[in-house]
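Student: The structure under discussion is supplied below as structure tokens; questions concerning it will follow.
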Amino acid sequence: MKLAIFDLDGTLSPQRPYSTAPFQRTLLPAVSARLSALKQQGVLLAVATNQGGANRQRSERLSFGAVQAHLCWLRHELGLHAARFATIAARKKPNPNMLIELMNQFNVVPDETLFVGNAETDRQAAIAAHIPFVHAELFFHDGEVFNVYRQDRFST
Numbered sequence: 539m540k541l542a543i544f545d546l547d548g549t550l551s552p553q554r555p556y557s558t559a560p561f562q563r564t565l566l567p568a569v570s571a572r573l574s575a576l577k578q579q580g581v582l583l584a585v586a587t588n589q590g591g592a593n594r595q596r597s598e599r600l601s602f603g604a605v606q607a608h609l610c611w612l613r614h615e616l617g618l619h620a621a622r623f624a625t626i627a628a629r630k631k632p633n634p635n636m637l638i639e640l641m642n643q644f645n646v647v648p649d650e651t652l653f654v655g656n657a658e659t660d661r662q663a664a665i666a667a668h669i670p671f672v673h674a675e676l677f678f679h680d681g682e683v684f685n686v687y688r689q690d691r692f693s694t
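When you read off a place in the sequence shown, starting at 1, and then add 538, the result is the number in this note's numbering.
Encoded structure:
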């Protein structure tokens with residue numbers, strides 16, 4: 539695997555109760571260790587997240603700036619190479635646009651990419667982009683599943 543793309547809420551960080559809730563600068567268990575292992579193998583790491591609550595007209599807590607600040611923190615905390623967020627339906631998952639943009643940015647093909655998420659829309663976006671999908675619970679908490687995707691046909 540050359541590129542691993544992750545959803546944000548409920549995958550890397552706690553699921554927020556609603557889309558306009560403030561971000562928690564907390565990572566879910568095993569996230570840091572798993573991403574560190576991938577990064578050590580030279581895998582590029584990225585985030586693709588729906589952020590329907592973000593709006594240029596809203597208060598600071600709900601603004602584009604708040605989303606960008608949280609993604610900046612996350613990029614620093616996890617060593618991510620890129621992040622995308624979508625606020626409008628035409629770009630939000632299950633639309634595959636963010637996933638395709640990230641593959642294009644790093645010049646990789648679907649067979650060299652993995653998408654990890656926790657929602658049905660994540661799975662649907664992966665299918666639409668022809669990318670293998672793994673549910674976050676399995677990826678972060680099942681060592682056998684993690685090792686398959688870390689070492690098997692996705693080896694660089």
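Here a beta-carbon is modelled for each residue, glycine too, at the ideal position from N, C-alpha and C.
I believe Phe678 touches Ala568 by the beta-carbon criterion, under 8 Å. Please report the beta-carbon distance rounded to the nearest angstrom.
Tutor: To locate residue 678, count along the sequence shown from 1; it is residue 140. To locate residue 568, count along the sequence shown from 1; it is residue 30. Yes, Phe678 and Ala568 are in contact; Cβ-Cβ is about 4 Å, under 8 Å.
Student: Can at least three beta-carbon pairs, one atom from the stretch 668-682 and one from the stretch 644-656, be found at a separation below 8 Å?
Tutor: yes
Student: Mapping the DSSP letters down to three states, classify Val585 as helix, strand or coil.
Tutor: Residue mapping note: residue 585 aligns to position 47 of the sequence shown, counting from 1. Strand.
Student: Suppose contacts are defined by Cβ-Cβ distances below 8 Å. Is Ser574 in contact with Leu565 by that definition?
Tutor: For the purposes of this step, residue 574 is taken as residue 36 along the sequence shown, with counting starting at 1. For the purposes of this step, residue 565 is taken as residue 27 along the sequence shown, with counting starting at 1. Their beta carbons are not under 8 Å apart, which means Ser574 does not touch Leu565 by this criterion.
Student: Cβ atoms of Gln589 and Pro632: under 8 Å apart, would you say?
Tutor: Against the sequence shown, residue 632 aligns to sequence position 94. Against the sequence shown, residue 589 aligns to sequence position 51. In this structure, Gln589 does not lie closer than 8 Å to Pro632 by Cβ.
Student: Tell me which residues share the same chain as Leu618 and place their Cβ nearer than 7 Å to its Cβ, disregarding the 5 neighbours each side in the sequence.
Tutor: In the sequence shown, counting from the first residue as 1, residue 618 sits at position 80. Leu583, Ala584, Val585, Leu612, listed in sequence order.
Student: Report whether the distance from the Cβ of Gly655 to the nearest heavy atom of the ligand MN is below 7 Å.
Tutor: The ligand MN is absent from the structure shown, which contains no ligand whatsoever.
Student: State the DSSP-derived secondary structure class of Phe644, mapped to helix, strand or coil.
Tutor: Mapped onto the sequence shown, residue 644 falls at position 106. Coil, per DSSP.
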